[in-house]
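Colleague: Please see the structure below; I have some questions.
What follows is the structure in structure tokens.
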């Protein structure tokens with residue numbers, strides 16, 4: 164059953180047609196990769212899913228409910244978490260505090276005025292956050308200032324924040340961009356393990372074909388704002404259309 | 312009562328409580344008849360200003376220090392609090408309890424309205440909006456709303472005020488203008504003790520304000536350590552991450568704005584309780600700027616910083632603005648005549664009415680060399696001393712870091 168249904172989505176920025184009649188459906192529990200050359204509209208599509216942008220036309224339905232016109236926090240509370248291309252973390256807070264915010268958001272909803280009880284008394288939240296950090300092998304960095312983390316650790320922290328919310332759909336925007344090969348492989352293992360353990364549906368935007376073919380069960384290829392082809396990895400690899408879009412000629 | 316606070320926080324709270332309660336003793340180190348007596352700060356009028364402006368700055372810091380939203384209009388809530396308190400004195404009773412409660416309630420409602428509109432913008436636009444609202448309030452209080460504010464004369468109490476509660480209970484004084492009291496204890500009642508030439512004054516007004524100051528400080532301490540405080544710090548560092556984490560930042564910032572508005576209202580109400588009159592100048596932009604200076608000078612985002620900043624500014628305002636050319640001539644009398652005149656000419660722009668010049672220079676020095684404010688300065692001195700004392704014996708722990 165499809166948990167995410169994108170139908171006929173179009174988005175225009177002035178004279179630029181960023182998305183044109185995009186159709187895509189993501190099966191529950193699948194890892195679905197979106198690939199394509201720069202400017203293909205992948206990030207724009209992701210922004211339409213999380214409420215950052217509103218499509219000019221078409222529908223986006225998550226678990227039977229439309230996402231259009233909803234605020235980012237409403238969409239997150241419906242069970243969609245997003246990892247950004249450049250890690251978005253609270254750099255002035257500690258690693259643990261970063262994850263605790265995510266846990267509190269899941270428990271308390273979009274707003275709760277709790278100014279009397281202190282964080283030290285929130286044993287559940289603290290325990291949950293530490294558990295997720297331990298899962299990502301970051302528990303020894305819990306009290307570190309998150310600004311001091313390496314780029315790879317910042318990505319892992321952002322992933323920890325998203326996972327602590329137990330999302331139904333996890334959106335990953337180039338989770339291995341700028342990583343060394345060893346870090347990339349570690350991230351692949353991590354995502355695989357998470358997927359097997361929790362069965363979270365994932366949509367991954369990625370340039371690195373190694374990552375895509377290691378993880379994805381289905382691949383959508385985008386070019387010039389529209390879907391070129393959608394298939395299982397084995398058949399994408401040999402598709403001449405894909406090679407043409409990527410290599411810009413007769414591949 | 313201290314549930315959920317760690318050792319450092321409890322120690323901080325106890326030290327602040329001790330210093331506040333013993334202030335009449337601590338702040339009076341110089342004998343009353345000595346030349347140094349002018350540097351004493353342990354008299355009620357000044358101590359009251361310390362704790363009242365301390366409350367104002369603590370509240371301001373909840374908004375500015377935690378969320379990063381810089382309001383340039385918080386004096387409006389201070390002024391509204393004062394007007395509300397004086398009106399309670401006029402209409403209901405000279406008891407300070409209804410006055411202070413009304414000051415907080417009215418300032419809270421007022422800040423809800425202003426915050427609702429101003430928080431639609433961030434950064435400099437938010438600051439400008441709050442400044443605009445505060446100046447509007449000032450001008451309204453000064454002219455259009457004269458029936459409520461008594462314009463430039465300021466709102467005062469008179470013998471003929473209704474004071475319905477006082478009259479109903481028969482406690483209304485009929486022969487003179489009454490003074491605010493706390494169930495019979497007049498705010499200006501003072502017990503003086505002389506001890507080794509030092510005069511210690513314990514006033515009802517100071518201790519009433521001090522108890523509310525301690526309550527305000529304790530609430531702020533809990534708020535800083537609470538989930539709500541964590542969300543506010545999240546707003547400061549990465550508002551968009553917060554939105555994609557399922558948090559709507561608006562109600563959080565609005566709540567912080569209203570809480571700091573209520574703190575300002577409490578401070579305004581207390582100012583009126585100590586001296587029952589309210590004038591429009593309390594709402595002017597210079598007053599809004601002053602609380603910004605206090606917070607930055609003391610240390611933005613720290614618990615103790617705004618209190619230190621408020622104390623620092625009010626103390627030096629008091630000392631420096633009293634110094635005139637005559638006193639300067641006395642100070643430099645030991646110099647040859649030409650030098651004496653030269654020194655007096657050099658120093659005089661910085662004292663008396665020109666003390667703001669000193670404040671400005673100090674502010675620049677702090678912002679450039681101590682971005683963490685006085686709190687950072689004390690931490691540096693503390694670490695330096697610890698290093699000097701414990702040199703070669705054991706590594707210095709960072710125990711006090713962030714504790715303030």
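Chains as they are written, first to last, in the working numbering: chain L, 164 to 414; chain P, 312 to 715.
We put the CB at the ideal spot given by N, CA and C, even for glycine.
I believe residue 596 of chain P touches residue 446 of chain P by the beta-carbon criterion, under 8 Å. Please report the beta-carbon distance rounded to the nearest angstrom.
Modeller: 6 Å
Colleague: Looking at the structure shown, is residue 468 of chain P part of a helix, part of a strand, or coil, going by DSSP?
Modeller: coil
Colleague: Hey, could you find the ends of the beta strand (DSSP E) residue 400 of chain L is sitting in?
Modeller: From DSSP, residue 400 of chain L is part of no beta strand (DSSP E) but of the alpha helix (DSSP H) over 396–400.
Colleague: Looking at the C-beta of residue 521 of chain P, does it have a partner C-beta in chain L at a distance below 8 Å?
Modeller: no
Colleague: Who are residue 379 of chain L's beta bridge partners in DSSP?
Modeller: Paired residue(s): none; residue 379 of chain L is not in a bridge.
Colleague: Can you confirm whether residue 559 of chain P, when its beta carbon is compared against all beta carbons of chain L, has any partner nearer than 8 Å?
Modeller: yes
Colleague: Alpha carbon to alpha carbon, what distance is there between residue 205 of chain L and residue 225 of chain L?
Modeller: 18 Å
Colleague: With burial defined as no fewer than 16 other Cβ atoms inside 10 Å of the residue's Cβ, what is the status of residue 344 of chain L: buried or exposed?
Modeller: exposed
Colleague: Run down chain P in chain order and give the residues with a C-beta less than 8 Å from the C-beta of residue 255 of chain L.
Modeller: 544, 547, 548, listed in chain order.
Colleague: In terms of alpha-carbon separation, which member of P/425, P/660, P/543 lies closest to residue 372 of chain P?
Modeller: Checked all of P/425, P/660, P/543; the closest Cα to residue 372 of chain P is P/543.
Colleague: For the stretch 300–320 of chain L against the stretch 558–568 of chain P, do three or more pairs of beta-carbon atoms, one drawn from each stretch, fall closer than 8 Å, so that the two count as touching?
Modeller: By the Cβ criterion, the stretch 300–320 of chain L is not in contact with the stretch 558–568 of chain P, since fewer than three pairs of Cβ atoms, one from each stretch, lie closer than 8 Å.
Colleague: Taking just the CA atoms, how far does residue 319 of chain L sit from residue 398 of chain L?
Modeller: Between the alpha carbons of residue 398 of chain L and residue 319 of chain L lies a distance of about 31 Å.
Colleague: Any idea what DSSP makes of residue 540 of chain P, helix, strand or coil?
Modeller: helix
Colleague: Pick helix, strand or coil for residue 382 of chain P, following the three-state DSSP scheme.
Modeller: coil
Colleague: For the alpha helix (DSSP H) containing residue 181 of chain L, list its first residue and its last residue.
Modeller: Unbroken run through residue 181 of chain L is the beta strand (DSSP E), 179–190; no alpha helix (DSSP H).
Colleague: At a Cβ threshold of 8 Å, is residue 235 of chain L touching chain P?
Modeller: Yes - at least one Cβ of chain P is within 8 Å of the one on residue 235 of chain L.
Colleague: List, in order along the chain, the chain L residues whose C-beta lies closer than 9 Å to that of residue 316 of chain P?
Modeller: 281, 283
Colleague: Using the DSSP secondary-structure output, state which residues sit across from residue 195 of chain L in a beta bridge.
Modeller: Partner residues in the beta bridge of residue 195 of chain L, as assigned by DSSP, are L/366, L/381.
Colleague: Verify whether the separation of the beta carbon atoms of residue 220 of chain L and residue 173 of chain L is less than 8 Å.
Modeller: yes
Colleague: Could you name the residues of the stretch 419–434 of chain P whose beta carbon sits closer than 8 Å to any beta carbon of chain L, in the order they occur along the chain?
Modeller: Under the 8 Å Cβ criterion, the stretch 419–434 of chain P contributes no residue.
Colleague: State the Cα-Cα distance for the pair residue 416 of chain P and residue 576 of chain P, rounded to the nearest angstrom.
Modeller: 8 Å
Colleague: Can you list, in chain order, the residues of its chain whose CB lies under 6 Å from that of residue 524 of chain P, leaving out five sequence neighbours each side?
Modeller: Once the five neighbours on either side are set aside, the close Cβ partners of residue 524 of chain P are 362, 365, 366.
Colleague: Is there a Cβ from chain L that is less than 8 Å from the Cβ of residue 463 of chain P?
Modeller: Taking Cβ atoms only, chain L never reaches closer than 8 Å to residue 463 of chain P, which makes this a no.
Colleague: I need the DSSP call for residue 320 of chain P, collapsed to helix, strand or coil.
Modeller: helix
Colleague: Are the CB atoms of residue 359 of chain P and residue 462 of chain P within a distance shorter than 8 Å?
Modeller: Going by C-beta atoms, residue 462 of chain P is not nearer than 8 Å to residue 359 of chain P.
Colleague: Quick test of the definition: if touching needs 3 or more C-beta pairs under 8 Å, does the stretch 430–449 of chain P touch the stretch 602–612 of chain P?
Modeller: Touching, no, given that fewer than three Cβ pairs across the two stretches are closer than 8 Å.
Colleague: Counting only C-beta atoms, is residue 296 of chain L closer than 8 Å to chain P at any point?
Modeller: no
Colleague: By alpha-carbon positions, which one of L/395, L/378, L/268, L/381 ends up nearest to residue 330 of chain L?
Modeller: Cα-wise, what sits closest to residue 330 of chain L is L/268.
Colleague: Select from P/422, P/501, P/615 the residue whose C-alpha is nearest the C-alpha of residue 532 of chain P.
Modeller: Closest by alpha carbon: P/615.
Colleague: Could you check where the alpha helix (DSSP H) with residue 259 of chain L kicks off and where it finishes?
Modeller: 258–271 is the extent of the alpha helix (DSSP H) around residue 259 of chain L.
Colleague: Does DSSP put residue 645 of chain P in a helix, a strand or coil?
Modeller: coil
Colleague: Taking residue 562 of chain P as the query, report the chain L residues whose CB atoms sit under 7 Å from its CB, ordered along the chain.
Modeller: 274
Colleague: Since residue 576 of chain P sits in a beta bridge, which residues does DSSP pair it with?
Modeller: Paired residues: none, contrary to the question.
Colleague: Assuming the contact rule is C-beta atoms closer than 8 Å, residue 556 of chain P and residue 264 of chain L should be a hit. Round their C-beta distance to whole Å, please.
Modeller: Right, their Cβ atoms sit about 6 Å apart.
Colleague: Can you round the beta-carbon distance between residue 209 of chain L and residue 222 of chain L to whole angstroms, since I take them to be within the 8 Å contact cut?
Modeller: 16 Å between Cβ atoms; not a contact.
Colleague: When the Cβ atoms of the stretch 680–697 of chain P are set against those of the stretch 617–636 of chain P, are three or more pairs found closer than 8 Å?
Modeller: yes
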